[in-house]
Structure formats: structure tokens, C-alpha cells
Amino acid sequence: MFEARLNNATTLKKILDAIKDLLNEGTFDCSDSGIQLQAMDNSHVSLVSLTLRSDGFDKFRCDRNLSMGMNLGSMAKILKCANNDDTVTIKAQDNADTVTFMFESQNQEKVSDYEMKLMNLDQEHLGIPETDYSCVVRMPAMEFARICRDLAQFSESVVICCTKEGVKFSASGDVGSANVKLAQTFNVDKEEEAIVIEMQEPVVLTFACRYLNAFTKATPLSNQVQLSMSADVPLVVEYRIAELGHIRYYLAPKIED
Amino acid sequence: KQTQSSIRNYFTVK
Chain X
443 MFEARLNNAT TLKKILDAIK DLLNEGTFDC SDSGIQLQAM DNSHVSLVSL TLRSDGFDKF
503 RCDRNLSMGM NLGSMAKILK CANNDDTVTI KAQDNADTVT FMFESQNQEK VSDYEMKLMN
563 LDQEHLGIPE TDYSCVVRMP AMEFARICRD LAQFSESVVI CCTKEGVKFS ASGDVGSANV
623 KLAQTFNVDK EEEAIVIEMQ EPVVLTFACR YLNAFTKATP LSNQVQLSMS ADVPLVVEYR
683 IAELGHIRYY LAPKIED
Chain P
-14 KQTQSSIRNY FTVK
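Chains as they are written, first to last, in this note's numbering: chain X, 443 to 699; chain P, -14 to -1.
See the structure below:
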């Protein structure tokens, strides 16, 4: 028996919004430690890794490890049927071929359940090595989303250059070129407005705007985003989900031919 | 000229 409850459907809706543009389907691996999903996008350029800890749920029970392959478009249709302040419970029997989403209104007067067929997904699981990154940048998630959106107008790719002084995002194309420089902040009132740079070695890397913009769909989940970079390895874009876990996106850099 | 590499080049298949 598997049962996971969140007192507020908003979080789950936001999580799905953060992954459904990149992934058509995904396997939710459930164990007593929580729920994990790891999947590459269709073109195998990026990887999504979602971790939701069992202690972050309002109720969590998982008697046996369970892998539930879900069509994320179908899951989105179902979650649309939940009000933001509904309690959502995800339930499945052991070895079941369906999963049930139950939504309860705050006053308990409306209870709905939606059963969805599970899929057998033959997805590759990738081992992600522990990496000490040369540069780790923490910045407001809204600011990152804004920069990705703005620079995508000028080029298919953005160059991220990180030094001790700051981080620079650049794009150039037919129209011209664009540069956005962010300096590390000192003495900001609110932690969520801070820009913090931890640098061992400077890095310059090029990434596809299309994917960065897809990652920023997670912005509603977190005030801050963390970018981890080293030469010649994938960028990690991490959004923490308060008290529940995190979503990490890995993006392969563009390389010289 | 830059090309997009695949994420599979960086991680091992479990």
C-alpha cells in the first residue's frame, strides 16, 4: 500500500508544471524515504531529478518500494481538477496498474477521486557523480527567469561566465548582443534577494536558452535558484521545495566542434 | 561552431 498526502494541492501542481514541458512521462519511484523521479528529456540533452522526502508530506506510507510510470500530460489533466487549497492524496495498491488521486475540499464537503492507468516505462537510470563545482551561484529565481527570457530573444545560446566579481550572462545573434552582469550582494535585507557566488575557479560555459527557459518553469516553487558549474560538465540548476525536497535540472553544455 | 552535447555523455547508465 502506498499513500502520500499533501494538505495543499498547489505544491504538486507547481511541481508538475516544472517538469511537464520537458518530459512526456516519468517514473515515480516510491520508498519509505519518499518519492524520486529521474528522467531525461526526449532529446537527451537535459536530465530532471526530483526528490520529495517522506517527512515533508502530511501523511506518508509506503509498505513496499513501488515504481509508478505516469503520463505527465494525463497527470496534469487530473491535477487541473483540484482546487489549490484541496488536500491531495496519491494512493496505489502494491503491484497495482493504476494510481488514484483523491482531492478533498477544506470543508470536507467535496471529495473527488481520479484513477489513472500506470505505464511500464523502460527508462534508463543514470548515475550522477558527486561533483565539487568550480562555481556555485545562488540568486533570486525570478531574476534568473527574467534573464533567461530576455536573452533568449537574441540567441539560441547563452554564455555564462562566472568569476569572483560576479556572474555574466551573454547572448549574441543577428540583432546584436546582450550582456547581463550580476554582482554579489552584500547586506541585503532579505535572504531571498541575495546573490551569492562561491568560486574556486572561474568558468565560462555555453548553454541552450531553450532548456534554461524550460527549467525556469520551476520558479514558483522557490525564491532562490542555485546554479552549479564546472568546466566541461553539465550545469545543475536547483530549486529547493520548502520542507519537501528539491528539483534539479542537469544540462549538457554546448561544446566546440 | 558549437554543438549540443548529450547528457548521456556525462553520466553512466546504472
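The beta carbon of each residue, even a glycine, is placed where N, CA and C say it ideally should be.
{"query": "Min CB distance residue 493/X to chain P below 8 Å", "result": "no"}
{"query": "Coil, strand or helix - residue 511/X by DSSP", "result": "strand"}
{"query": "Start-end ranges of the beta strand (DSSP E) lying completely within the segment 443 to 483 of chain X, minimum 3 residues", "result": "444 to 448, 467 to 473, 476 to 482"}
{"query": "Length of the line joining the Cα atoms of residue 548/X and residue 492/X", "result": "28 Å"}
{"query": "Identity of the residues DSSP links to residue 613/X by a beta bridge", "result": "620/X"}
{"query": "Span separating the alpha-carbon of residue 497/X from that of residue -12/P", "result": "42 Å"}
{"query": "As assigned by DSSP and simplified to three states, the class of residue 524/X", "result": "coil"}
{"query": "Which residues DSSP lists as bridging residue 584/X, in chain order", "result": "Beta-bridge pairing links residue 584/X to no other residue."}
{"query": "Within 8 Å, strictly: CB atoms of residue 664/X and residue 653/X", "result": "no"}
{"query": "Environment of residue 535/X [buried if 16+ CB atoms lie within 10 Å]", "result": "exposed"}
{"query": "Local conformation of residue 499/X per DSSP, three classes", "result": "coil"}
{"query": "Residue burial classification, residue 566/X (beta-carbon count within 10 angstroms, cutoff 16)", "result": "exposed"}
{"query": "First through last residue of the alpha helix (DSSP H) which encompasses residue 653/X", "result": "651 to 657"}
{"query": "Per-residue burial, residue 656/X [other beta carbons within 10 Å of its own, 16 or more giving buried]", "result": "buried"}
{"query": "8 Å Cβ cutoff, residue 699/X in contact with chain P", "result": "yes"}
{"query": "Residues, ordered as in the chain, of the segment 466 to 481 of chain X that lie near chain P by beta-carbon distance below 7 Å", "result": "none"}
{"query": "Proximity below 8 Å, CB of residue 639/X to CB of residue 675/X", "result": "no"}
{"query": "Closer than 8 Å to chain P by CB, residue 663/X", "result": "no"}
{"query": "Chain P contact for residue 566/X (CB, 8 Å cutoff)", "result": "yes"}
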